[in-house]
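The next block holds one structure in the form of structure tokens; read it before the comments.
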Amino acid sequence: MNPLTTRVFDLPERLAAKDDPALIAKDERYLAAVAESIERSIEELTARLDAARKTPAGRGQQALDRDQEVHRLTARLRTLRRYGVDLCLGRIVTTEGETVYIGRLGLTDDGAVGRRLLVDWRAPAAEPFFAATHADPMGLVSRRRYRWTRGRITDYWDEVFTADGLEGNAALDDQSAFVASLGASRSPRMRDVLGTIQADQNAIVRADSHGALVVDGGPGTGKTVVALHRTAYLLYHDPRLGHRRGGVLFVGPHQPYLAYVSDVLPSLGEEGVRTSTLRDLVPEGVTAAAETDPEVARLKASAGMVRAIEPAVGLYETPPSEGMLVETPWDDVWLAPEDWAEAFAAAEPGTPHNDARDQVWDALVDVLADKLAESVAAAADDGAGVDTGTDTYAEEHSGGYPGDHAGASAADDQFDAYGLAGEPADAPLRRALAANRDLARAFGRAWPLLEPTDLVGDLWSVPAYLRRCAPWLTRDEVGRLQRPDAQAWTTSDLPLLDAARLRLGDPEASRRRRRQEATAAAERERMSDVVEDLIATDDSDLGVMSMLRGQDLRAALVDDAALPAADPDLLAGPFAHVVVDEAQELTDAEWQMLLARCPSRSFTIVGDRAQARHGFTESWPERLERVGFTGVEQASLSINYRTPQEVMAEAEPVIRAELPDANVPTSVRGTGVPVRYGPTTDLVAVLREWLAGHAEGTACVVAGAAFQGAAFEGTDGLEGVERVRWLTPETVKGLEFDLVVLVDPETYGTGIEGAVDRYVAMTRATQRLVVLTS
């Protein structure tokens, strides 16, 4: 669109009254100026980005700053190019006569005056645009909201708060812009609703981030909208949540949901928020199957089972109760049980088991070194010298470490690099101890490297181990948890695997550190040769190269980039804030996964107790305080903006039959289209009829897993079928569609689970609901 020659307003004929120049000419001129400014900004940002990319990356903080600048420029350029002039959401007129235009991002004219063209929606000056009501106008005379379609304004709504606001406003709708826009078709991505946030939702969006805030509301109340906008708002306003301080993790119920909302945060001016499902937090989640035994699922859902990981690890951190004689090239040293205990106590509290292993080994070497020194001193007093000098040992053992030979066991290989080349005087002793097979085996048994899958697998295959780690389980429960394939992971295992991974740490960390030390030593040796060559060839009068003899300067010349490093786990945390949608489904054990990633307990928790498939008898504060939260605040949403009254009239009895006190929201709009019932043989005809009559929008067929394959029969050649989704009752949660077709809803299940699945599926509809039965 050429911003200088094309009108911004493109209203259909039915809105001819709104197309009056007296009503929109001012906006046309202003938005044309916005479009020009955006074009100039795009040119400027493109030039700055090209320059930043050509700038040498440098090292350390310089490289980090350069990368962050490239990321920042890229993100803003992407947003400007994506939206153009439809960055503008609408405008407000204050009682002082000032007209303020609100945008997804702030925009300032680059002219000499530098006037503010758009106010960022998260700025305090923009709050009345979302929060003003007739009861509290917040200093506004009027408010106008735009509906954008492909970069053009196709409708707008005016609201007035004083008599003065009546002049120049054409659309004094009884309903707000949000309600007026609800009839718009849904798309595979969440609709852009930033300009239509309501006052009750806005108050939650702008609440501070201290502690845990629960957003409770029924279907269609905008819970997800609130969660996403609150995420963007907090990142903009709260410096404690910035990416350098941990950032934000957004947790959704399943991948279709994350795909649905994936465009929203970037459109609000925020990129870099981590999105995830609970499965994504654990590597085994990709292939984990559903837990088919309800009793096993119940047992593993408790926070107590997660706490069993600590004693399970503790059994592998017990010092030997017997001493041993340790042979060295200089003298034999007795390692007593109390020496083992002293070394084990050296592990710093809170250090993961596998990471602490090096600390314990270093402490054990220190104990042995002290004992050897005492032995040397005693021998000297007796007149018998014991040489522990580096040069002597290096000459005698230049061919390799004692015990290095082909065929050594994997357990032995864990120790062959301890004490690798470095400057410390006790390096020969460390190499000798690392190569001592007996000591290596004893230490490996006392403090082994552990894999989380092995640790958890042992709980499901060794009854005595499980009884010791979870003594509250009955003998029958212990037996129930055993299984033939201990590592046939289910979703119920994921919290335990996650807790084990966090408690154990990376089993490769110790080996990686030794490789880093070896690489660094090789780099130092190589740089030492280079320095000596430079000094030898230096013919300057001042001999400046001789300064390189200093160890600090030599170390500074070592290339840290050459050292091996692990790829970081971007979902491991810690995060400064966590947002959880559909939170009513989380078990106590799953909550532990999230609490471990956010030590500050700063959470936004979004859910509906009436949509909990396994029941939710407690209040939100009771539920959350039981799993580890304190000071829980709660905000409720009770207006259903999405689901038509006709659909809610059919859905409400479904859930109240099982949950009489369910928080069923009040729908504020009707379509005049009743719910349709019929046989399953009508499915193709229903879809064909709807697709023919709706050029835009999406439909969804909700059916049990057994029907999914059969659902496609007869759809070959059905024009527009790509706009039809086929989902199960579990995966439809959190989504919304213009048309929803329920296939055999009575097969979804019985009791509370079946009722919730039917209720959730029915309330996904924004225009029409069809129920088909066999």
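Each residue of the sequence shown is one higher than the one before, counting from 829 in this note's numbering. Here a beta-carbon is modelled for each residue, glycine too, at the ideal position from N, C-alpha and C.
Between W1317, A1314, D1108, which has its C-alpha nearest Q1083's C-alpha? Numbered from its first residue, the sequence shown carries residue 1083 at position 255. Comparing Cα positions, the closest option is D1108.
Just checking, does the region 978-985 make contact with the region 1041-1052 on the three C-beta pairs under 8 Å criterion? no
Nearest by alpha-carbon distance to N1264: which of R1553, L1196, P1335, I1467 is it? In the sequence shown, the residue the question calls residue 1264 occupies position 436. N1264 has its Cα closest to that of L1196, out of R1553, L1196, P1335, I1467.
My guess is that R1296 and V1306 are in contact by the Cβ rule of under 8 Å, so how many angstroms apart are they, rounded? As a first step, residue 1296 must be located in the sequence shown, where it is residue number 468. As a first step, residue 1306 must be located in the sequence shown, where it is residue number 478. Not really, about 10 Å apart at Cβ, beyond 8 Å.
In terms of residue numbering, what span does the alpha helix (DSSP H) encompassing H1065 cover? Here residue 1065 refers to the residue found at position 237 of the sequence shown. From DSSP, the alpha helix (DSSP H) with H1065 extends over 1051-1065.
Suppose you measure from the CA of Q1026 to the CA of R1311; what does that come to, to the nearest Å? The residue labelled residue 1026 in the question sits at position 198 within the sequence shown. The residue labelled residue 1311 in the question sits at position 483 within the sequence shown. Whole-angstrom Cα-Cα distance: 52 Å.
Under 9 Å, do A1129 and S1320 count as touching if we go by C-beta distance? The residue labelled residue 1129 in the question sits at position 301 within the sequence shown. The residue labelled residue 1320 in the question sits at position 492 within the sequence shown. Result yes, Cβ atoms of A1129 and S1320 sit closer than 9 Å.
Indicate whether V913 and I866 have their beta-carbon atoms separated by less than 9 Å. In the sequence shown, residue 913 corresponds to position 85, counting from 1. In the sequence shown, residue 866 corresponds to position 38, counting from 1. Yes.
Beta-carbon within less than 6 Å of F1271's beta-carbon, same chain only, minus the 5 sequence neighbours each way: which residues are those? Here residue 1271 refers to the residue found at position 443 when the sequence shown is read from its first residue. Around F1271: no qualifying Cβ.
I believe L935 touches L946 by the beta-carbon criterion, under 8 Å. Please report the beta-carbon distance rounded to the nearest angstrom. Indexing the sequence shown from 1 puts residue 935 at position 107. Indexing the sequence shown from 1 puts residue 946 at position 118. Right, the Cβ-Cβ distance comes to about 4 Å (below 8 Å), so this counts as a contact.
Can you grab the Cα-Cα spacing for the pair G1142 / D1326, in whole Å? For the purposes of this step, residue 1142 is identified with residue 314 of the sequence shown, where counting begins at 1. For the purposes of this step, residue 1326 is identified with residue 498 of the sequence shown, where counting begins at 1. Approximately 17 Å between the Cα atoms of the pair.
Using CA coordinates, which residue listed in R894, A1174, V1530, E872 is at the minimum distance from A880? Numbered from 1 along the sequence shown, position 52 holds the residue referred to as residue 880. Of the listed residues, the one whose Cα sits closest to A880 is R894.
From R950, D1186, D1304, G1285, residue whose alpha carbon lies closest to that of L1123: Sequence index remark: in the sequence shown, residue 1123 carries index 295 (1-based). A small fix is needed here, since residue 1123 is Glu in this sequence, not Leu. Answer by Cα proximity: D1304.
Tell me whether K846 is buried or exposed, calling it buried when 16 or more other Cβ atoms sit within 10 Å of its Cβ. Position 18 of the sequence shown, counted from the first residue, corresponds to residue 846. Looking at its Cβ environment, which holds 16 or more other Cβ atoms inside 10 Å, K846 is buried.
Cutoff 7 Å; reference A1411; Cβ partners in own chain excluding five residues on either side: Start at 1 with the first residue of the sequence shown, and residue 1411 comes out as number 583. Counting only Cβ-Cβ distances below 7 Å, and skipping sequence neighbours, we find I1433, V1434, G1435.
Determine, using beta carbons only, whether I930 comes closer than 9 Å to chain C. Here there is only one protein chain, and chain C is not present.
DSSP three-state call for L851: helix, strand or coil? Here the question's residue 851 lines up with position 23 in the sequence shown. Three-state DSSP puts L851 in a helix.
Between E1581 and the rest of its own chain, which residues show a CB-CB distance below 6 Å, the 5 nearest in sequence each way excluded? Residue 1581 sits at position 753 when you count from the first residue of the sequence shown. Taken in chain order, the residues that qualify are R1441.
Taking V1549 as part of the alpha helix (DSSP H), name the residues at either end of that continuous run. If you number the sequence shown from 1, residue 1549 lands on position 721. Where V1549 is concerned, there is no enclosing alpha helix (DSSP H), given that its DSSP letter is neither H nor E.
Excluding the 5 residues flanking V810 on each side, which residues of the same chain have their C-beta closer than 6 Å to its C-beta? As shown, the chain starts at 829 and ends at 1602. That puts residue 810 outside it, with no answer to give.
Can at least three beta-carbon pairs, one atom from the region 1031-1041 and one from the region 1050-1068, be found at a separation below 8 Å? yes
List, from N- to C-terminal side, the beta strand (DSSP E) runs of 3 residues or more that fit wholly inside the region 1064-1126. 1076-1079, 1102-1104
In whole angstroms, give me the CA-to-CA distance for Q1595 and L1519. Indexing the sequence shown from 1 puts residue 1595 at position 767. Indexing the sequence shown from 1 puts residue 1519 at position 691. If I take the Cα positions, the gap works out to 13 Å.
Among residues of its own chain, excluding the 5 on either side of V1188, which ones have a beta-carbon nearer than 7 Å to its beta-carbon? By one-based count along the sequence shown, residue 1188 stands at place 360. Excluding sequence neighbours, V1188 sits near A1171, F1172, A1174, A1175, W1275.
CB-CB length for L1600 against T1508, believed under 8 Å: Locating residue 1600 in the sequence shown gives position 772, where the first residue counts as 1. Locating residue 1508 in the sequence shown gives position 680, where the first residue counts as 1. At roughly 5 Å, the Cβ-Cβ gap stays under 8 Å, so L1600 and T1508 are in contact.
In DSSP terms, what E987 is bridged to: Residue 987 sits at position 159 when you count from the first residue of the sequence shown. Per DSSP, R971.
Beta-carbon separation of F1403 and G1113 under 9 Å? Indexing the sequence shown from 1 puts residue 1403 at position 575. Indexing the sequence shown from 1 puts residue 1113 at position 285. No, the pair does not count as a contact, with Cβ atoms beyond the cut-off.
Cβ contact check for the region 1485-1502 and the region 1521-1533: 3 or more pairs under 8 Å: no
Please list, in chain order, all residues of the same chain as L1277 whose beta carbon is under 6 Å from its beta carbon, the five residues on each side excluded. The residue labelled residue 1277 in the question sits at position 449 within the sequence shown. The residues are N1182, P1335.
Tell me which residues share the same chain as D1572 and place their Cβ nearer than 6 Å to its Cβ, disregarding the 5 neighbours each side in the sequence. Residue 1572 sits at position 744 when you count from the first residue of the sequence shown. So the qualifying residues of the chain are T1601, S1602.
Using the rule of at least 16 other Cβ atoms within 10 Å of the residue's Cβ for burial, across every protein chain shown, is W1300 buried or exposed? Along the sequence shown, read from residue 1 onward, the residue named residue 1300 stands at position 472. Flag for W1300 reads exposed.
Using only alpha-carbon positions, find the residue among V1033, D1167, L1398, L877 that is nearest to G1100. Along the sequence shown, read from residue 1 onward, the residue named residue 1100 stands at position 272. Comparing Cα-Cα distances from G1100 to each of V1033, D1167, L1398, L877, the minimum goes to L1398.
Identify every run of the beta strand (DSSP E) within the region 1138-1210, keeping only runs that are complete inside it and at least 3 residues long; order them along the chain. 1152-1155, 1160-1163
What are the boundary residues of the alpha helix (DSSP H) that includes E1446? Counting from 1 along the sequence shown, the entry for residue 1446 is found at position 618. Looking at the DSSP string, E1446 is not in any alpha helix (DSSP H), and its letter there is neither H nor E.
Using only alpha-carbon positions, find the residue among D964, T1445, M966, R919 that is nearest to Y974. One-based indexing of the sequence shown puts residue 974 at position 146. Ranking D964, T1445, M966, R919 by Cα distance to Y974 puts R919 first.
Mind reading off the beta-carbon distance from T1059 to V1076? Whole number of angstroms is fine, and I expect it under 8 Å. Counting from 1 along the sequence shown, the entry for residue 1059 is found at position 231. Counting from 1 along the sequence shown, the entry for residue 1076 is found at position 248. That pair is a contact at about 6 Å.
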